[in-house]
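**Student:** This is the structure, below, for whatever I ask next.
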Amino acid sequence: MGPNDATHPTTSPRIDELEALAREGRWHVINTVTASKAGHVGGPLSAMDLLVALYFAQLRVDPENPDDPGRDRFILSKGHNAIGLYSVLAMRGFFPVDELATFDHGDSRLQGHPDMRLTPGVDASTGSLGQGLSAGAGMALGAKRLGSDNHVWVMLGDGEMEEGMVWETVLSAPRYRLDNLTAIIDLNGLQQYGWPATDDDRFDRSEPLGHVDLAAVFAGFGWHVLEIDGHDFDEILDAFNTVTEARDRDGRPSVILATTSKGRGISFTEGTYAWHNGVATPEQLAQARLDLKQEQA
Numbered sequence: 112m113g114p115n116d117a118t119h120p121t122t123s124p125r126i127d128e129l130e131a132l133a134r135e136g137r138w139h140v141i142n143t144v145t146a147s148k149a150g151h152v153g154g155p156l157s158a159m160d161l162l163v164a165l166y167f168a169q170l171r172v173d174p175e176n177p178d179d180p181g182r183d184r185f186i187l188s189k190g191h192n193a194i195g196l197y198s199v200l201a202m203r204g205f206f207p208v209d210e211l212a213t214f215d216h217g218d219s220r221l222q223g224h225p226d227m228r229l230t231p232g233v234d235a236s237t238g239s240l241g242q243g244l245s246a247g248a249g250m251a252l253g254a255k256r257l258g259s260d261n262h263v264w265v266m267l268g269d270g271e272m273e274e275g276m277v278w279e280t281v282l283s284a285p286r287y288r289l290d291n292l293t294a295i296i297d298l299n300g301l302q303q304y305g306w307p308a309t310d311d312d313r314f315d316r317s318e319p320l321g322h323v324d325l326a327a328v329f330a331g332f333g334w335h336v337l338e339i340d341g342h343d344f345d346e347i348l349d350a351f352n353t354v355t356e357a358r359d360r361d362g363r364p365s366v367i368l369a370t371t372s373k374g375r376g377i378s379f380t381e382g383t384y385a386w387h388n389g390v391a392t393p394e395q396l397a398q399a400r401l402d403l404k405q406e407q408a
């Protein structure tokens, strides 16, 4: 394939195929982090269904030509969840799946945070939280001024929404009618640290934005808002279709508020902040293989 050959997936995958890919992606997350003895687990697992749906059913990309100017852009603003993105990029064909074994090594292309200079398929280097949405807005504005039909997707964590820079972009994107920009918020409701210390606990892990009606807030700023179950592929795909259709209709940027479960899919990681990061024991890894229906190699 040559320049400008980035295309949407040529076939529409069945829901059971997407579910199988998500289980495989989750296995790569826990297995790779365990092998490297470092990395984040809970967030990559909560976001996996959304990432699989993007890369296997929505994004216009070409793994053989990852810099194709005609591609859609994706920014993982919560960059510490890099292993989730790497797992999906590998399954999609941007680099060999075996390369995941190099994750977080000093000489690897797959660092603990995405590096656009190293890794095929990574459109923005991320790590410092709160910066991805502003970078995405810049890409979306550039695409409009060049007359391109690129769509820009940005994934943020709910904890990341506490960063002030996010809200500067929430304020300004409607001003520039960035209807080619979609933010996806991974609302897993747990973070490693919430509010700063109380007297009897090092950190209060309650969700600082838990009482905020984000849908009303985004709508008030002029965004097109959708709320979905971030683990239901029917709802995810419907939302993707809706925002790509809506951009030609009303000029508003879109936000998808996706409710998810931290550590999703593995019995001992799901629903606990303790697995924000961590390394599984051999017994836990065997349990994860069973939970995710992965065959022994």
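In terms of the working numbering, the sequence shown has 390 at position 279, counting the first letter as 1, and numbering is strictly consecutive.
Backbone N, C-alpha and C define an ideal beta-carbon position, used for all residues, glycine too.
Can you list, in chain order, the residues of its chain with a C-beta nearer than 6 Å to that of A149? Leave out the 5 residues immediately preceding and following it.
**Tutor:** As a working note, residue 149 is residue 38 in the sequence shown. Excluding positions up to five away in sequence, the list reads D215.
**Student:** When you compare the CB positions of A385 and A391, do they come within less than 8 Å of one another, or not?
**Tutor:** Working through the sequence shown from its first residue, we reach residue 385 at position 274. Working through the sequence shown from its first residue, we reach residue 391 at position 280. The answer is no: Cβ separation not under 8 Å.
**Student:** Would you identify the three-state DSSP class for D234, choosing helix, strand or coil?
**Tutor:** As a first step, residue 234 must be located in the sequence shown, where it is residue number 123. Reduced to three states, the DSSP call for D234 is coil.
**Student:** On the DSSP bridge assignment, give the partners of I367 in chain order.
**Tutor:** Position 256 of the sequence shown holds residue 367. I367 pairs with I295, L337.
**Student:** Taking the alpha carbon of L403 as the reference point, which residue from G341, G223, N142, L229 has its own alpha carbon closest?
**Tutor:** Along the sequence shown, one-based indexing puts residue 403 at 292. Per the Cα distances, N142.
**Student:** Tell me the start and end of each unbroken alpha helix (DSSP H) in the region 137 to 225 that is at least 4 residues and wholly inside, in chain order.
**Tutor:** DSSP runs (the alpha helix (DSSP H)) wholly in the region 137 to 225: 153 to 168, 193 to 203.
**Student:** Could you check if H322 is buried or exposed, using at least 16 other CB atoms within 10 Å of its CB as the buried criterion?
**Tutor:** Your numbering for residue 322 matches position 211 in the sequence shown. Answer is exposed; the Cβ neighbour count stays below 16.
**Student:** Buried or exposed, going by whether 16 or more other CB atoms sit within 10 Å of the CB of G243?
**Tutor:** Counted from its first residue, the sequence shown places residue 243 at position 132. It is buried - the Cβ of G243 has at least 16 other Cβ atoms within 10 Å.
**Student:** Can you look up R401 in the DSSP assignment and give me helix, strand or coil?
**Tutor:** Reading the sequence shown from its first residue, position 290 is the one you call residue 401. Just to set this straight, residue 401 is Leu in the shown sequence, not Arg. Helix, per DSSP.
**Student:** Identify whether G268 lies in helix, strand or coil by the three-state DSSP scheme.
**Tutor:** On the sequence shown, residue 268 is found 157 positions in, with the first residue counted as 1. Strand at G268.
**Student:** Between L348 and the ligand GTP, is there a pair consisting of the residue's CB and a ligand heavy atom that are separated by less than 7 Å?
**Tutor:** Of ligands this structure carries none, so the ligand GTP is not represented either.
**Student:** Please classify L282: is it buried, with 16 or more other beta-carbons within 10 angstroms of its beta-carbon, or exposed?
**Tutor:** The residue labelled residue 282 in the question sits at position 171 within the sequence shown. That one is exposed.
**Student:** Find out if the Cβ-Cβ distance for the pair P207, A168 is shorter than 8 Å.
**Tutor:** Numbered from its first residue, the sequence shown carries residue 207 at position 96. Numbered from its first residue, the sequence shown carries residue 168 at position 57. Against a cut-off of 8 Å, the Cβ pair of A168 and P207 comes out as no contact.
**Student:** Using CA atoms only, rank isn't needed, just tell me which of T237, K189, H335 is closest to A284.
**Tutor:** Translated into positions along the sequence shown, residue 284 becomes position 173. Nearest C-alpha to A284: H335.
**Student:** Taking the alpha-carbon of M202 as reference, which of L156, G136, L221, M250 has the nearest alpha-carbon?
**Tutor:** Residue 202 sits at position 91 when you count from the first residue of the sequence shown. The option with the nearest alpha carbon to M202 is G136.
**Student:** Counting only the same chain and skipping the five closest in sequence on each side, list residues whose C-beta sits under 7 Å from that of A426.
**Tutor:** Lying before the first or after the last residue shown, residue 426 is absent from the chain, which here runs from 112 to 408.
**Student:** Apart from the five residues on each side of it in sequence, which residues of its chain come closer than 6 Å, Cβ to Cβ, to G389?
**Tutor:** Translated into positions along the sequence shown, residue 389 becomes position 278. Contacts found: V152.
**Student:** Using CA atoms only, rank isn't needed, just tell me which of L156, E130, D297 is closest to L368.
**Tutor:** Here residue 368 corresponds to residue number 257 of the sequence shown, with the count starting at 1. Per the Cα distances, D297.
**Student:** Put N352 into one of helix, strand or coil per three-state DSSP.
**Tutor:** Position 241 of the sequence shown holds residue 352. Reduced to three states, the DSSP call for N352 is helix.
**Student:** Given this structure, state the Cα-to-Cα distance separating S147 from H139, to the nearest angstrom.
**Tutor:** Within the sequence shown, the letter at position 36 stands for residue 147. Within the sequence shown, the letter at position 28 stands for residue 139. C-alpha separation (whole angstroms): 12 Å.
**Student:** Go through its chain and collect everything with a Cβ distance to M227's Cβ below 8 Å, but skip five positions before and after it.
**Tutor:** Counted from its first residue, the sequence shown places residue 227 at position 116. Here the set comprises V233, D234, A235, S236.
**Student:** Let me know if Q407 comes out buried or exposed under the rule of 16 or more other beta-carbons within 10 Å of its beta-carbon.
**Tutor:** What you label residue 407 is simply residue 296 of the sequence shown in a count that begins at 1. Per the 10 Å Cβ criterion, exposed.
**Student:** Please go through the same chain and pick out, in chain order, the residues whose beta-carbon is closer than 8 Å to the beta-carbon of T61, but skip the five residues on each side of it.
**Tutor:** Summary: the structure shown does not reach residue 61, with the chain confined to residues 112 through 408, and so no result is reported for it.
**Student:** Out of curiosity, what's the CA-to-CA distance linking H224 and G217?
**Tutor:** For the purposes of this step, residue 224 is taken as residue 113 along the sequence shown, with counting starting at 1. For the purposes of this step, residue 217 is taken as residue 106 along the sequence shown, with counting starting at 1. Rounded to the nearest angstrom, the two C-alpha atoms are 12 Å apart.
**Student:** Applying the criterion that 16 or more other CB atoms from any shown protein chain within 10 Å of the CB defines a buried residue, is L132 buried or exposed?
**Tutor:** The residue you call residue 132 lines up with position 21 of the sequence shown. With 16 or more other Cβ atoms within 10 Å, it is buried.
**Student:** Using DSSP bridges, identify the partner residues of V263.
**Tutor:** Numbered from its first residue, the sequence shown carries residue 263 at position 152. Looking at the DSSP assignment, V263 forms a beta bridge with R184, L292.
**Student:** Measuring alpha carbon to alpha carbon, tell me which residue in E356, L240, T370, L129 is nearest H191.
**Tutor:** The count along the sequence shown starts at 1 and reaches residue 191 at position 80. Minimum Cα distance to H191 is reached at L240.
**Student:** Check each candidate in P180, R184, E175, Y197 and name the one with the smallest Cα separation from M159.
**Tutor:** Here residue 159 refers to the residue found at position 48 when the sequence shown is read from its first residue. The residue with the shortest Cα to Cα distance from M159 is Y197.
**Student:** Taking the alpha carbon of D333 as the reference point, which residue from S259, G181, R256, T293 has its own alpha carbon closest?
**Tutor:** Here residue 333 refers to the residue found at position 222 when the sequence shown is read from its first residue. Before going further, note that residue 333 is Gly rather than Asp in the sequence given. The residue with the shortest Cα to Cα distance from G333 is T293.
**Student:** Can you name the start and end residues of the alpha helix (DSSP H) that N279 belongs to?
**Tutor:** Translated into positions along the sequence shown, residue 279 becomes position 168. For clarity, residue 279 is Glu in the given sequence; the question names Asn instead. From DSSP, the alpha helix (DSSP H) with E279 extends over 275 to 283.
**Student:** In whole angstroms, what is the alpha-carbon distance linking N261 and L337?
**Tutor:** For the purposes of this step, residue 261 is taken as residue 150 along the sequence shown, with counting starting at 1. For the purposes of this step, residue 337 is taken as residue 226 along the sequence shown, with counting starting at 1. Those two C-alpha atoms are separated by around 21 Å.
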